[in-house]
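Below is one structure, written out as structure tokens, with a few remarks after it.
Numbering (the numbering used here), first residue to last: 25 to 588.
Here it is as structure tokens:
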């Protein structure tokens with residue numbers, strides 16, 4: 025790994041682009057994207073080093089830290105490559121570029137630049153080389169990317185400068201003490217052995233899974249220490265409790281088994297080995313709340329293969345989220361290679377999985393991610409055991425393929441796709457059109473169509489201004505619009521056996537009873553969007569035709585209190 029390597033142009037083979045355009049991607053396709061991300065990261069790092077070269081610092085200059093890292097790369101190229109390609113490293117590089125351009129904030133710039141010293145130390149330990157670097161210590165802690173964190177007992181609070189020395193795989197860190205003098209810790213991070221005090225070394229947590237064929241175990245980082253794991257800004261370490269880490273391992277093992285479905289790689293099929301790191305978001309109880317979905321997940325184009333996730337209650341929800349977030353990583357890497365669209369970033373498009381208007385890039389990301397999710401549920405339907413499992417899988421397959429195709433149609437008719445972007449979105453369209461022809465149990469299909477119509481109707485009622493005329497650029501939005509909870513998408517996954525509420529009657533297929541209940545709610549509040557959306561959709565079910573199609577197309581124009 026050197027900055028002087030010959031830079032040959034990247035040329036993606038047509039077959040790999042076709043795989044990715046269909047919404048899937050084999051191991052070879054993902055490996056190509058990772059190689060491209062490596063090249064991009066080296067270019068960004070070279071730019072960053074040039075900006076930091078003259079930065080005043082009490083630490084070892086970046087040029088010396090880079091020399092140590094390069095020396096280690098020559099002796100141990102594979103582990104140093106893993107350090108370079110780690111999601112958190114990409115997060116640090118991009119954050120630092122934003123810092124030097126004045127578009128991000130954080131700790132003192134010299135301290136954040138000192139993270140390069142920590143990367144160099146990790147590389148030196150892997151290679152067994154010798155190095156002596158002045159490093160930033162925060163509350164006596166020194167995170168070492170890809171290894172863990174050293175903690176000095178009785179160290180000075182706040183930010184300080186320490187000295188780190190490596191040799192033969194051993195690390196010694198010295199820093200100022202809490203009152204006077206200095207404190208020192210010696211450990212061997214690669215063997216995960218602490219010094220005399222067991223609290224001085226926190227090893228990196230990992231999640232492992234061994235496939236049914238007994239192949240080499242897959243190892244994914246469970247990142248709770250690296251300060252750039254947050255996909256954006258600097259974040260202090262937040263060590264997981266042991267019981268929570270064990271729950272993550274249990275869920276990941278089960279999720280990996282769910283994903284281990286043999287067959288040709290395609291949308292929704294993910295090899296866990298493609299995932300580089302999972303960042304636990306926030307704190308969760310040992311038993312998370314019961315909703316069978318992930319409440320928060322995110323990924324960043326700067327952190328390929330990394331994903332931030334709130335621990336869910338089920339392995340099925342985690343498996344779905346791994347598929348979803350890896351789709352985002354793949355598309356972000358494609359966007360780094362090709363100009364896929366011309367986006368003015370105006371948030372004016374309907375996204376069937378969001379409650380707010382989206383810009384075109386966000387819509388493309390959603391379409392790509394949920395095509396993968398549709399494929400995930402298609403596989404679950406094919407392998408379902410029992411009627412309840414099949415009904416749930418059928419619903420989400422039907423819903424996500426319908427929603428994704430709607431977004432794809434918007435993209436194809438936007439007039440803003442490039443040649444490569446049109447090829448990509450057309451590939452998604454072919455995948456989804458094939459899936460739309462596949463049979464799905466009628467009750468699940470009906471609930472999926474109803475849930476989709478409810479979401480779009482309520483979105484327009486809450487977002488679109490009924491007074492201002494729409495323009496060629498799209499609808500005009502209400503100034504008083506706010507975030508709203510989408511409670512129906514998951515509520516309609518199962519058919520209620522004893523419906524009581526208006527929504528439950530509609531999910532059960534009794535549109536007449538639902539219409540009467542919605543009318544009762546609207547009598548008390550004629551403009552309430554949730555009830556009005558339900559009334560409109562129930563009416564459309566009972567009286568299909570041109571009038572109800574117009575009503576569904578522009579529900580915001582409806583009178584506040586309909587009769588019926």
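Glycine included, every Cβ here is placed at the ideal spot set by N, Cα and C.
Item to check | Close beta carbons around residue 586, own chain, < 7 Å, minus the five adjacent residues each side | outcome: Because the pLDDT of residue 586 is 46, which lies under 50, any placement of that residue in the model is unreliable, and the number read from its coordinates should be weighed accordingly. Hits under 7 Å: 559.
Next on the checklist: Buried or exposed for residue 591, going by 16 or more other Cβ atoms inside 10 Å?
Outcome noted: This structure cannot speak to residue 591, because the chain is shown only from 25 to 588.
Checklist entry - Leaving out the 5 sequence neighbours to the left and right, which residues in its chain are closer than 7 Å to residue 232 when beta-carbon positions are compared? => result 241, 242 and 243
Checklist entry - From residue 517 to residue 191, what distance separates their C-alpha atoms? => result 58 Å
Checklist entry - Does the count of Cβ pairs from the region 418-435 and the region 387-400 closer than 8 Å reach three? => result yes
Checklist entry - Taking one C-beta from the region 437-450 and one from the region 363-382 each time, how about it: are there three or more such pairs within less than 8 Å? => result yes
Item to check | residue 232: first and last residue of the uninterrupted beta strand (DSSP E) it sits in | outcome: 229-233
Item to check | Collapsed DSSP secondary structure at residue 301 in the structure displayed | outcome: strand
Item to check | Contact set for residue 360: own chain, Cβ-Cβ below 8 Å, skip 5 residues either direction | outcome: 60, 61, 64 and 325
Checklist entry - Along the chain, where does the alpha helix (DSSP H) that runs through residue 413 open and close? => result 411-436
Item to check | residue 412 versus residue 458: straight-line alpha-carbon distance, rounded | outcome: 25 Å
Item to check | With 16 other Cβ atoms within 10 Å as the buried cut-off, status of residue 78 | outcome: exposed
Checklist entry - Among 486, 506, 501 and 530, which has the Cα closest to the Cα of residue 470? => result 530
Checklist entry - Helix or strand or just coil, what does DSSP make of residue 374? => result coil
Checklist entry - Between the beta-carbon of residue 208 and the beta-carbon of residue 197, is there less than 9 Å? => result yes
Checklist entry - Can you give the Cα-Cα distance for residue 546 and residue 565, rounded to whole angstroms? => result 18 Å
Item to check | Buried versus exposed call for residue 218 [16 or more other C-beta atoms within 10 Å across all chains shown] | outcome: Because the pLDDT of residue 218 is 45, which lies under 50, any placement of that residue in the model is unreliable, and the question is left without a value.
Checklist entry - Can you round the beta-carbon distance between residue 112 and residue 271 to whole angstroms, since I take them to be within the 8 Å contact cut? => result Not confirmed; about 22 Å, so no contact.
Checklist entry - How would you write the range of the beta strand (DSSP E) that residue 160 sits in, first residue to last? => result 155-162
Checklist entry - Shortest alpha-carbon distance to residue 331 belongs to which of 338, 374, 320 and 512? => result 320
Next on the checklist: Could you tell me the alpha carbon to alpha carbon distance between residue 45 and residue 282, rounded to whole angstroms?
Outcome noted: 24 Å
Item to check | Assigned secondary structure, residue 200 (DSSP; H/G/I helix, E/B strand, else coil) | outcome: strand
Item to check | Range covered by the beta strand (DSSP E) that runs through residue 188 | outcome: 183-191
Item to check | Buried versus exposed, by CB contacts within 10 Å (16 or more), residue 148 | outcome: buried
Checklist entry - What residues in its chain sit with their C-beta under 8 Å from that of residue 410, if we drop five residues either side in the sequence? => result none
Item to check | Distance, residue 576 Cα to residue 528 Cα | outcome: 20 Å
Checklist entry - Which parts of the region 240-293 are runs of the alpha helix (DSSP H), unbroken and 4 residues or longer, counting only runs that do not cross its ends? => result 266-283
Item to check | Straight-line gap, residue 501 to residue 369 (C-alpha atoms, nearest Å) | outcome: 16 Å
Item to check | Assumed close pair residue 81, residue 121 - CB separation to whole angstroms, cut-off 8 Å | outcome: That pair is no contact at about 17 Å.
Checklist entry - Comparing alpha-carbon positions, which option in 384, 303 and 401 lies nearest residue 340? => result 401
Item to check | Touching by the beta-carbon criterion (3+ pairs, under 8 Å), the region 149-156 and the region 90-108 | outcome: yes
Item to check | Of the listed residues 348, 265 and 267, nearest to residue 298 (C-alpha basis) | outcome: 348
Checklist entry - To the nearest whole angstrom, what separates the beta carbons of residue 188 and residue 157, a pair I think is in contact under 8 Å? => result 5 Å
Item to check | Cβ distance (whole Å) where residue 93 is taken to contact residue 134 below 8 Å | outcome: That belief does not hold up - the Cβ atoms of residue 93 and residue 134 are roughly 18 Å apart, past 8 Å.
Checklist entry - For residue 266, does the count of other Cβ atoms within 10 angstroms reach 16, so buried, or fall short, so exposed? => result exposed
Checklist entry - Which residues does DSSP pair with residue 333 in a beta bridge? => result 304 and 321
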